[in-house]
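Its first residue numbered 94, the sequence shown is counted upward by one per residue in the numbering used here.
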Amino acid sequence: MNKAFRFRNVKVIAGLAVAELLIMSYNVEAQKLASLTILPANGITISSAGFSDSTGYDFQSSVPLLSFEVNGKKFSTLDIINAEFRNRDLGGMTGNIEILVSPFMKISGSLKTEVLFTNRGNDTVLLSNVVPFGTNNNSVYITGAGPWDLARAYLFRPVLPPLRVILPDNAWELGYSSLTAGNVSLCALARRQQTDGGEKRRYETVLPPGANVRYALYADLYSGEWQNGLKLMFRDKFLYDLETFDNTLYERPDLQWIKSSYIIILQMAWDRDFYDRLTGKYNYAGELTEWNRLFGHADVFGIWPTWPRLGLDQRNQWDMYRDLPGGTMQLRAFARMSRLYNTRFFIAYNPWDNSTRREDHLKGMADLIRETEADGVVLDTRGSSSYELQAAADSVRKGVIMFSEGMAITRDMPGIISGRVHNAIFLSPELNLNKLIKPDFAIFRVCDVGEERNHREIAIAFFNGYGTELNLFRPGGRGDGYSEDLELLAKTTFILRQNNDAFLDHDWLPLFPVKAENIHVNRWKTPGKEIYTILNMRPEGYRGQLIELPWRPGVRIVSLWHHEEYDIRSEKGILGIPVNAEGWPVENRNTRLEGSVECIALFDKVLSSSLRGDSLSISKPEKTKVRIWIGNPSYSNRKSYDISFRKDTVINIFKLAGNFEGKIVIQCMDGDLLKDENVLTVSAGKPWLISKVIRTREATFIPSDMVLVPSAKITYTLTTSEDFIPYPTVNVPVTAEVDSFLIDRYPVTNLQFYEFLLASGYVPSDTSNFLRHWEGGLYKAGQEKYPVVYLSLEDMKAYAAWAGKRLPTEAEWQLAAQGTDGRIWPWGNEFRGTWCNNSFNRPTPVDAFPKGASPFGVSDLVGNVWQMTNDMYSNGNYYFSIIRGGSYYNPDSSWWYIKGGPQPLGNTQIMLLVSQGFDRNATVGFRCVKDIAPGALKQGK
């Protein structure tokens, strides 16, 4: 017989009593959930949802109120037989389990109902896996699965394999599910309350005959991506463990430092690395130095002198500290020394110490903090702190952190701001939903060094955006594998610290959608930057496009793991982001050696840098600094340079890097936080310009032996007959803007160089082969107009400086020889063998071929002697200069020789430099140029 009862609103539909559940949404601003209709037909089902705009959604198939398991067998409220109203409750039987659903009530803006499961059979049963809306392949839900384990909660998503998750320690039995209702979605949470006659276990409840267990179901409305349902229930509703969150501790300025901490090291006092019993000496200073080398610094060091020594005699836990060598005065010195290394010093508190010498715990802890100047307290066996503990610490010293052995459950989080993922969980689940509840709660994964390798645990901590505790309590485990783990930890810590602002993102997105299986992505945002942490659980690794975002301009994609800058590629309005996650041996699956990580950053472009020759040009925002790394950034890379300038600067990278090939990483930093990163590469063997143009005193007239070359913007392409040693720029167009200058009409002659020697008294530091073609310190008779040769680059520059001139750049030589019309020879496009020294096998006077002049009247440019330019390069191994024009000497018995004779203006040649004496030769001369003051020239005599 149908009967109406007082749910929120009760309607009669088709002769059936209908309970209408009013659920107010917390997360959807425009549209609210006004009602949810359940029917006691076909079990207990949800039939429709009503919204605040008077629209609704009818579910096309039967949706159960919840599903559950009895002795491992799955049931749902669709299986209820003869569902009916019983006074205020809606109930029925499924096998021997009676289910009663109480009326809904408002709580925290959501709707809450209670479901009572009672064992009406004669045998004890195990009840588990209570999930609102049931479990199906088209929804996202959380429940337990697989064999028993401390952490066997899984997140199920359509298509993808289930993923293990960490839940609060009072919520491992939790059930969560979401349900699409048109353009919005419902989400609901099942939380176990109390049992009468039953036994609560981590994931199940033991129900003897007649026993019962009560679950609370909470429902609400969200819109958008499925993760918003999780955020609503975990972050915004605090799993309904709290009505509001007291943020007082989290806002205290003196406690903020823990939010940017990522490495805690805990060590026992009898560890010989701390104190060596045989030598009677502390080694703590050496430990601090080593941690600085590995990690920049350890954020926290905690000393532990109690368990398992405590209880041998009557001394209490505080006595153990005072009886250490040097007592608390020595510990205070260590605390002060630690802070000089950017490390905070922790003591520990054992709340179970009640049988040794009696001393008030709070007073004892406060006294020890005062005596040692400790910065924090490890709370042994505790998952929470208390007002009294924090107040005791605050009474003697500000900034003291309480660090619990376990992870605080949600209702305890307002009283403590740091805790651990305990090492009792051997293989940590991939996703930690505690980070979703309170993103600025400082979490540290315990890595028990003496127990096992910790590669996997370090990777998962990084993926979840939190730190690591190196627990050195257990002996052993400090061999080669430990060193490898520390290298990984140093790399993850480096990224976590530089992007600490992102990893405190209140709205971070777990499991950013990707199409590949067993590779997981979390997204973290802060203004101007997005960070994507990637956890690869595929042994074969992953290389290729993985992350897709809507296209937007002005961004830069950088792998912070590999420090590679990726080209921006967009297809149909989608920005595709590549990922390079390294593979790992398949035999490491399901061990602490499995997994690899990658990290992608999406920056708003605020940094600009380019490398031209040895000049690194940088532009950045004001009030930021630049950090230049020669090689990949890391704590082990000592070649980093902080550069201070206002907005723009040019740096000689050769002076920083020396003979270097590889990456140059430029980071824009705001304090210790990364704002943008550029990655430049000095390719193996690629030359860069190391010479500088030192302008001459500006000429105010044109000497008779020089000609004017007006300024021009030219484009030219250079080639070479051999490229075993890479050239600076060949076979591609080069565009150069050249200012006006004066250039010698002819190459420098023997006579001119002789006059220089007489006037200056110049003697080179290395005289080998100096002016070898002269005799007795004088050129041969009749060769006063021959080009001077057998000079080193230093000799040529000495002459140029004496003459008030300099060597031409290659671009200046090109313009002076070719003009602006791209001709092949100085006189035109057709070769004229009588207009230049055409491989005569001897030099000729510089004025012998007047018809071979360029458009500006520059003579003897090709065929007589190679002409040195100012451009000097380094490729990391060799130095070389650029010479142009060819020479009279043209060996032709083998193609291995440098090609001599007159060279077309599109041909360039390098001259490898060894020493002054080696470089002096019979076929290379030079001419000079002079800078001018525009508009102030007159013709000289």
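Yeah, the Cβ is synthetic: ideal placement off N, Cα and C, and Gly gets one too.
Item, Value
"If I follow the unbroken beta strand (DSSP E) through Y315, where does it start and stop?", "N305 to Y315"
"Bridge partners for L275 per DSSP, in chain order?", "Checking the sequence, you will find Gly at residue 275 rather than Leu. DSSP lists no partner for G275."
"Using DSSP bridges, identify the partner residues of Y269.", "I235 and L282"
"Using only the alpha-carbon positions, how far apart do E344 and L132 sit?", "47 Å"
"What residue range does the beta strand (DSSP E) around A246 cover?", "A246 to F249"
"Pick out whichever of F439, N435, M458 and R437 has its Cα sitting closest to the Cα of D446.", "M458"
"Quick one: which unbroken alpha helix (DSSP H) runs of 4-plus residues sit fully inside the stretch 860-918? Chain order, please.", "886-895 and 903-911"
"Quick check: A309 and A283, are their CB atoms within less than 9 Å of each other?", "yes"
"Determine the burial state of V856: buried for a count of at least 16 other Cβ atoms within 10 Å of its Cβ, exposed for fewer.", "exposed"
"Starting from I721, trace the beta strand (DSSP E) both ways and give me its first and last residue.", "K718 to I723"
"Let's see if you can read the secondary structure: which residues bound the beta strand (DSSP E) around Q153?", "G149 to P157"
"Report the partner residues of G755 according to the DSSP bridge assignment.", "V775"
"Using C-beta distances below 8 Å, list every residue in its chain close to G476, excluding the 5 sequence neighbours before and after it, in chain order.", "D262, S497, E498, G499, M500, A501, I502, D505 and G512"
"Leaving out five residues before and five after N1014 in sequence, what residues of the same chain have Cβ atoms less than 8 Å from its Cβ?", "N862, V882 and Y883"
"Are C1021 and R899 touching if we call contact CB-CB under 9 Å?", "yes"
"Could you check the C-alpha separation between P401 and A485 for me, to the nearest Å?", "26 Å"
"Following the continuous alpha helix (DSSP H) through K748, name the residue where it begins and the one where it ends.", "I746 to A750"
"Which residues in the same chain have their Cβ closer than 8 Å to the Cβ of E481, if we skip the five residues on either side of it in sequence?", "L455"
"So, at 7 Å on beta carbons, what are the nonlocal neighbours of D763 in its own chain, with the 5 sequence-adjacent residues on each side left out?", "T717"
"Would you kindly check if the distance between the Cβ of Q360 and the Cβ of F537 is under 9 Å?", "no"
"Can you tell me whether K584 is helix, strand or coil according to DSSP?", "helix"
"Distance check for W411 and S448, CA to CA, integer angstroms please.", "13 Å"
"I'd like the span of the beta strand (DSSP E) that includes L171, first residue to last.", "Counting along the chain, L171 falls outside any beta strand (DSSP E), and DSSP gives it neither H nor E."
"Starting from F1011, follow the alpha helix (DSSP H) in both directions and report where the run begins and ends.", "Q1009 to D1012"
"Pull up the distance between the alpha-carbon of G469 and that of H390, whole angstroms please.", "17 Å"
"Around the C-beta of F555, are 16 or more other C-beta atoms found within 10 angstroms, so that it is buried, or is it exposed?", "buried"
"Report the option in S733, A142 and D741 whose CA atom is closest to the CA atom of I757.", "S733"
"Going by beta carbon distance, what residues of the same chain come within less than 7 Å of P819, once the five residues before and after it are set aside?", "G778, K779, P780 and N968"
"What are the boundary residues of the beta strand (DSSP E) that L204 is part of?", "S203 to N212"
"According to DSSP, is N525 part of a helix, a strand, or is it coil?", "strand"
"Out of N516, L579 and Y982, point me to the one whose CA is closest to L387's CA.", "L579"
"Which of the three DSSP states is assigned to P507 in this structure?", "helix"
"What does DSSP give as the partner residue(s) for Q996 in the beta ladder?", "Beta-bridge pairing links Q996 to no other residue."
"For A893, which residues in the same chain have their Cβ closer than 7 Å to its Cβ, ignoring the five residues on either side in sequence?", "R899, L900 and C1021"
"Please report the distance separating the alpha-carbon of S936 from that of L998.", "The residue asked about is misnamed: residue 936 is Pro in this sequence, not Ser. Using only the alpha carbons, I get a separation of about 20 Å."
"Please name the residue, chosen from R328, R432, I396 and N435, that lies closest to T421 on a Cα-to-Cα basis.", "I396"
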